[in-house]
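Undergrad: The structure follows.
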Amino acid sequence: MDSAAADGHSGPGPAANPLGHGPVLLLTDARLADGRVVDVRISGDRIQAVGTAGSLGPLPALPGTPTATTGARIDLKGYLLLPAPAEAHAHYDVAFSAALPTPPPETPADLTRRVTEAALTSLGYGATAQRTHVRIGDVHGLRRLEAVLTARQALRGLAELQAVAMPRLLTGRAGADGRAQLRDALKLGATAAGGCPELDPDPAGYVQVLLEAAREADCPVDLHTTGADPVQLARLASALAPLRPRVVLGPCGSPAPGAATVLATSGVRVVCLPQNGRCSGLEGRAAEQRPGLLRELLEARVPFAAGSGSLRDPANPVGRADPLEAAYLLAAGGLMAPEAAYDAVANQARAVLGLPPVRVDAGFPAELLAVRGDSLAGALAGGHSRLVVHSGRVVSRTSAVREFADTVVLALPRQSGSTGGG
Ligand SMILES: [Zn+2]
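At position 120 of the sequence shown (counting the first as 1) the number is 376 in the numbering used here, and the numbers step up by one without a gap.
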């Protein structure tokens, strides 16, 4: 049913902006999650005003300014307008590799193309900011990171892409290459230092080396851990404490019972992967997310963000990278209310990326997702048609159309033919 989002992309670059609006954008008749129907005026990269539908009037005609640069008005009747989601945990350097030969081709062009395609897939679903973890060192050197940084440059203006550098080993003689590559990666432009301490023979030593590099580069830390050993997790959380709040732990796929309490008192941010709890960063150490984990985190009042983890890579060949799918999984079965589930993929995910929160209110960043639906529950149940605003500009649009072959005649006063898509 989806058109571009499911199978490919039409490449919405600056020259192909689907709506070609100028510096001012007026979104009309949009429904908010609280039920209000409003107009939203955007100027530059900020929301300038929000008022009841019709109250903001026509766009101002700027004297002497050509019409094409005065802005655009977009009717969002039938759409729900939300703070844009963010992708808190991805592995774009291995995206779309499930169907490729092993090992997949890794020329700079191959890597850059797959990373860019992955970021556009996520953007089409609404994630205007995205964080991807990239393996460095060993046979990879900095090749994968360079591909991500090239894609980040190409995507500027469409989406914000962050890279977390992941060395495998950092201690002892075997870790010398990882230590050098980590420092080089942070100088080259990696956003954060990461990796999985449990893959190093000396996990505590790994964390110490990583913290030192992060302090030197003045960057955040975003680590993988299974959390399987609560004692080790407590040590890890304690070692990371000096760097709070710039510390993230994920995906925490299979922590032992009791780990939620450790995380609650540590104050570090936690990322979960509701789709399957697996990602390539753990190298198979947490095959599945332990049932009941999310409920334990909720009960221990651990604030967590939800990410996608895998996009059609060996850890999840059907991974979709749709933040609304992650929110759907949190809300399905009654674990969380739709509002809290959406917050986990929106403002909680933005916090993981170190970005300020978004509200559909004057003064907030114009990072927005309009999704077909009349409520958050309806949008999570099947909002396929979407319009994405990044930095005040429409950067992606997906239109779904559903048609039926015959008119269905009901024993009601009115008859219906085709319906709009979701
Ligand atoms: Zn991961």
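From the three backbone atoms N, C-alpha and C, an ideal C-beta is built for every residue, glycine too.
The alpha helix (DSSP H) with E373 in it runs from where to where?
TA: In the sequence shown, counting from the first residue as 1, residue 373 sits at position 117. Per DSSP, E373 belongs to the alpha helix (DSSP H) from P364 to Y381.
Undergrad: Quick one: give me the first and last residue of the beta strand (DSSP E) that Q531 is part of.
TA: Walking along the sequence shown from the start, residue 531 turns up at place 275. Where Q531 is concerned, there is no enclosing beta strand (DSSP E), because DSSP gives it neither an H nor an E.
Undergrad: Can you find the residues in the same chain that come closer than 7 Å, C-beta to C-beta, to A469, ignoring five residues on each side of it along the sequence?
TA: Taking the first residue of the sequence shown as position 1, residue 469 is located at position 213. Excluding five sequence positions before and after A469, the CB atoms of its chain that fall closer than 7 Å to its own CB belong to L438, R439, L442 and A449, given in chain order.
Undergrad: Please state whether DSSP places T323 in a helix, a strand or coil.
TA: Along the sequence shown, one-based indexing puts residue 323 at 67. In this predicted model, T323 has a pLDDT of only 42, less than 50, meaning its place in the structure is not dependable; the value taken from the coordinates is given anyway. DSSP places T323 in helix when its eight states are reduced to three.
Undergrad: Under the assumption that G648 contacts R302 (Cβ atoms under 8 Å), give the Cβ distance between them as a whole number of angstroms.
TA: Residue mapping note: residue 648 aligns to position 392 of the sequence shown, counting from 1. Residue mapping note: residue 302 aligns to position 46 of the sequence shown, counting from 1. Indeed, because the Cβ distance is near 7 Å, the residues count as touching under 8 Å.
Undergrad: Between S655, P612, G575 and D569, which has its C-alpha nearest L356's C-alpha?
TA: As a working mapping, residue 356 is identified with position 100 in the sequence shown. Taking L356 as reference, the option from S655, P612, G575 and D569 with the minimal CA-CA separation is D569.
Undergrad: Where does F660 land, buried or exposed, given buried means 16+ other C-beta within 10 angstroms?
TA: In the sequence shown, residue 660 corresponds to position 404, counting from 1. F660 is exposed by the Cβ-count criterion.
Undergrad: So does H389 have its beta carbon nearer than 7 Å to some heavy atom of ligand 1?
TA: Here residue 389 corresponds to residue number 133 of the sequence shown, with the count starting at 1. H389 Cβ: within cutoff of ligand 1.
Undergrad: Where do the ends of the alpha helix (DSSP H) carrying P579 lie?
TA: One-based indexing of the sequence shown puts residue 579 at position 323. It spans P579 to A587 - the alpha helix (DSSP H) in which P579 sits, taken as one unbroken run.
Undergrad: Give me the DSSP bridge partner(s) of G565.
TA: Counting from 1 along the sequence shown, the entry for residue 565 is found at position 309. Beta-bridge pairing links G565 to A346.
Undergrad: Excluding the five sequence neighbours on either side, which residues of its own chain have a C-beta within less than 7 Å of the C-beta of L401, listed in chain order?
TA: For the purposes of this step, residue 401 is taken as the residue at position 145 of the sequence shown. Contacts found: V390, I392, A419, A421, A441, L444 and A446.
Undergrad: Near Q488, which residues of its chain fall below 7 Å by C-beta distance, leaving aside the five closest residues on each side in sequence?
TA: As a position in the sequence shown, residue 488 is number 232, starting the count at 1. Same-chain partners within the cutoff: P459.
Undergrad: Could you round the C-beta distance between A602 and P364 to whole angstroms and report it? I think they count as a contact, below 8 Å.
TA: Position 346 of the sequence shown, counting from 1, holds the residue named residue 602. Position 108 of the sequence shown, counting from 1, holds the residue named residue 364. Actually they are not in contact, since the Cβ atoms of A602 and P364 sit about 33 Å apart, beyond 8 Å.
Undergrad: Between L580 and A635, is the Cβ-Cβ spacing less than 8 Å?
TA: As a position in the sequence shown, residue 580 is number 324, starting the count at 1. As a position in the sequence shown, residue 635 is number 379, starting the count at 1. Cβ distance < 8 Å, so L580 and A635 count as in contact.
Undergrad: Please report the distance separating the alpha-carbon of T663 from that of Q304.
TA: In the sequence shown, residue 663 corresponds to position 407, counting from 1. In the sequence shown, residue 304 corresponds to position 48, counting from 1. Each residue's Cα considered, the two are about 44 Å apart.
Undergrad: Counting Cβ pairs closer than 8 Å, one from the segment 329-336 and one from the segment 546-562, do we hit at least three?
TA: no
Undergrad: State the start and end residues of the unbroken alpha helix (DSSP H) segment that holds L666.
TA: Residue numbering aside, residue 666 sits at position 410 when the sequence shown is read from its first letter. Taken as a continuous stretch (DSSP letters only), L666 belongs to no alpha helix (DSSP H), as it is neither H nor E.
Undergrad: Our contact map puts P423 next to G461 with C-beta atoms below 8 Å; I'd like the distance itself, whole angstroms only.
TA: In the sequence shown, residue 423 corresponds to position 167, counting from 1. In the sequence shown, residue 461 corresponds to position 205, counting from 1. Contact between P423 and G461 does not hold, since the beta-carbon distance rounds to 13 Å and is not under 8 Å.
Undergrad: Verify whether the separation of the beta carbon atoms of L202 and V526 is less than 8 Å.
TA: In the structure displayed, the chain extends from 257 to 678; residue 202 sits before or after that span and is not available.
Undergrad: For the segment 293-302 against the segment 617-631, do three or more pairs of beta-carbon atoms, one drawn from each stretch, fall closer than 8 Å, so that the two count as touching?
TA: yes
Undergrad: Who does H389 pair with in a DSSP beta bridge?
TA: Here residue 389 refers to the residue found at position 133 of the sequence shown. Bridge partners of H389: V420.
Undergrad: Report the option in S353, A600, A562 and V518 whose CA atom is closest to the CA atom of V371.
TA: The residue you call residue 371 lines up with position 115 of the sequence shown. Measuring from the Cα of V371, the nearest candidate turns out to be S353.
Undergrad: Do A562 and A583 count as a contact pair if the criterion is CB distance below 8 Å?
TA: Looking up residue 583 in the sequence shown gives position 327. Looking up residue 562 in the sequence shown gives position 306. Yes, Cβ-Cβ distance for A583 and A562 is below 8 Å.
Undergrad: Report the option in D285, L591 and Q386 whose CA atom is closest to the CA atom of A605.
TA: By 1-based counting over the sequence shown, the position of residue 605 is 349. Nearest of D285, L591 and Q386 to A605, Cα basis: Q386.
Undergrad: Under 7 Å from any heavy atom of ligand 1, does the C-beta of H480 make it?
TA: The residue given as residue 480 occupies position 224 in the sequence shown. H480: yes, Cβ under 7 Å from ligand 1.
Undergrad: P559 and A515 look like a contact to me (Cβ under 8 Å); what is the Cβ gap, rounded to whole Å?
TA: In the sequence shown, the residue the question calls residue 559 occupies position 303. In the sequence shown, the residue the question calls residue 515 occupies position 259. Their Cβ separation, rounded to whole angstroms, is 15 Å, which puts P559 and A515 out of contact at 8 Å.
Undergrad: Less than 8 Å between the C-beta atoms of L611 and A342, yes or no?
TA: Mapped onto the sequence shown, residue 611 falls at position 355. Mapped onto the sequence shown, residue 342 falls at position 86. Contact: yes.
Undergrad: Give me, in chain order, the residues of the same chain whose beta-carbon lies closer than 6 Å to that of A272; leave out the 5 immediate sequence neighbours on both sides.
TA: For the purposes of this step, residue 272 is taken as residue 16 along the sequence shown, with counting starting at 1. Bear in mind that a pLDDT of 35 at A272, under 50, signals an unreliable position, so the model cannot answer this.
Undergrad: Considering G548, what are the terminal residues of the alpha helix (DSSP H) in which it resides?
TA: Looking up residue 548 in the sequence shown gives position 292. G548: not part of any alpha helix (DSSP H); DSSP gives it neither H nor E.
Undergrad: Using the C-alpha atoms, what's the distance from H480 back to D349?
TA: As a first step, residue 349 must be located in the sequence shown, where it is residue number 93. As a first step, residue 480 must be located in the sequence shown, where it is residue number 224. Straight-line spacing of the CA atoms in D349 and H480 works out to 16 Å.
Undergrad: Quick check on DSSP: helix, strand or coil for T406?
TA: Looking up residue 406 in the sequence shown gives position 150. Reduced to three states, the DSSP call for T406 is helix.
Undergrad: Nearest by alpha-carbon distance to S652: which of E623, D456 and S564 is it?
TA: Along the sequence shown, read from residue 1 onward, the residue named residue 652 stands at position 396. For the residues E623, D456 and S564, the minimum Cα distance to S652 belongs to E623.
Undergrad: If the criterion is Cβ atoms closer than 8 Å, does the pair V463 and A436 meet it?
TA: The sequence position of residue 463 within the sequence shown is 207, counting from 1. The sequence position of residue 436 within the sequence shown is 180, counting from 1. No, these two residues do not count as a Cβ contact at 8 Å.
Undergrad: Does the beta-carbon of A577 have 16 or more other beta-carbons within 10 angstroms, so that it is buried, or is it exposed?
TA: Numbered from 1 along the sequence shown, position 321 holds the residue referred to as residue 577. Burial call: buried.
Undergrad: Please report the straight-line C-alpha distance between L455 and L529, rounded to a whole angstrom.
TA: Taking the sequence shown and counting its residues from 1, one reaches residue 455 at position 199. Taking the sequence shown and counting its residues from 1, one reaches residue 529 at position 273. So the alpha carbons of these two residues sit roughly 20 Å apart.
Undergrad: Under a Cβ-count criterion, where at least 16 other Cβ atoms within 10 Å of its own Cβ denotes burial, should L586 be classed as buried or exposed?
TA: If you number the sequence shown from 1, residue 586 lands on position 330. L586 should be labelled buried.
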